[in-house]
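Structure first, commentary second.
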Amino acid sequence: SREGGPSQIYVISADGGRPRRLTSGGGDNMVPSWSRDGRWIYFNSGRSGQRCLWKAPAAGGEAVQVTHSGDGGAFESVDGKFLYFVSARGDTFALLRAPVGGGAEKEVVPRVAAWWGLAVTAKGAYFLPDGHTVQLLDEKTGRISTVARFGERSIDDGMTVSADDHYLVFSNQEPRHYD
27 SREGGPSQIY VISADGGRPR RLTSGGGDNM VPSWSRDGRW IYFNSGRSGQ RCLWKAPAAG
87 GEAVQVTHSG DGGAFESVDG KFLYFVSARG DTFALLRAPV GGGAEKEVVP RVAAWWGLAV
147 TAKGAYFLPD GHTVQLLDEK TGRISTVARF GERSIDDGMT VSADDHYLVF SNQEPRHYD
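Rendered as structure tokens:
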């Protein structure tokens, strides 16, 4: 919990205006993402006593629990049928997939670096198996291919892929040099 209470999710018009609170109650609500059709907002919450993923109608209304695990953000498949997310497995993280309406969670990659290294496009789910490599899980075949290796450079604080699948953007913390 935060000093002023749990964090909440707000919606505001892209043209500006007054923010409208989407979530309420105990447990931090964070890392929102839109459904592909714009009708739902997915978010991570501890409101059930453990961190898992929920969705709430973008127009307002009661939130519905979608998964029983999940650490970080959730991203819908392009066809809007599945939700990809990362979940802690002991001292590691795994990439999972679940139907957007709820249901069985399936582990699709046993080890990933972190939840912020996940992007879903028409090609599939891009993820970081470690801090130096980007891989792609082909949603149709289940095959994993390596997209890029960065050697000494690491992806520290997130990545995303352009909607047309032509570019990958990532952040990297440059080494600090002390005198």
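The end of the sequence shown is residue 205 by the working numbering, with every number in the run present. Cβ atoms here follow ideal geometry from the backbone N, Cα and C, with glycine treated the same way.
For residue i and residue j, what's the separation of their Cα atoms in angstroms?
| i | j | result |
| --- | --- | --- |
| VAL104 | ASP117 | 30 Å |
| GLY177 | VAL160 | 11 Å |
| GLN76 | GLY87 | 22 Å |
| GLY128 | LEU109 | 9 Å |
| VAL37 | TRP80 | 16 Å |
| ALA151 | GLY98 | 15 Å |
| SER171 | GLU165 | 12 Å |
| GLY51 | GLN91 | 14 Å |
| GLY43 | ARG175 | 43 Å |
Could you tell me if residue i is buried or exposed, where buried requires 16 or more neighbouring beta carbons within 10 angstroms of its beta carbon?
| i | result |
| --- | --- |
| GLY64 | exposed |
| ALA89 | buried |
| THR167 | exposed |
| ALA40 | exposed |
Return the chain-ordered list of same chain residues with a C-beta closer than 8 Å to the C-beta of residue i, the five sequence neighbours on each side being excluded.
| i | result |
| --- | --- |
| SER197 | ILE181, ASP182, ASP183, GLY184 and MET185 |
So what's residue i in DSSP terms, helix, strand or just coil?
| i | result |
| --- | --- |
| GLN76 | coil |
| GLU88 | coil |
| ARG179 | coil |
By Cβ distance, which residues of its chain are closer than 6 Å to residue i, with the 5 residues on each side in sequence left out?
| i | result |
| --- | --- |
| ALA124 | THR93, LEU109 and GLU131 |
| PRO136 | ALA120 |
Determine whether the beta carbon atoms of residue i and residue j lie at a separation below 8 Å.
| i | j | result |
| --- | --- | --- |
| ALA139 | VAL187 | no |
| ASN70 | GLY106 | no |
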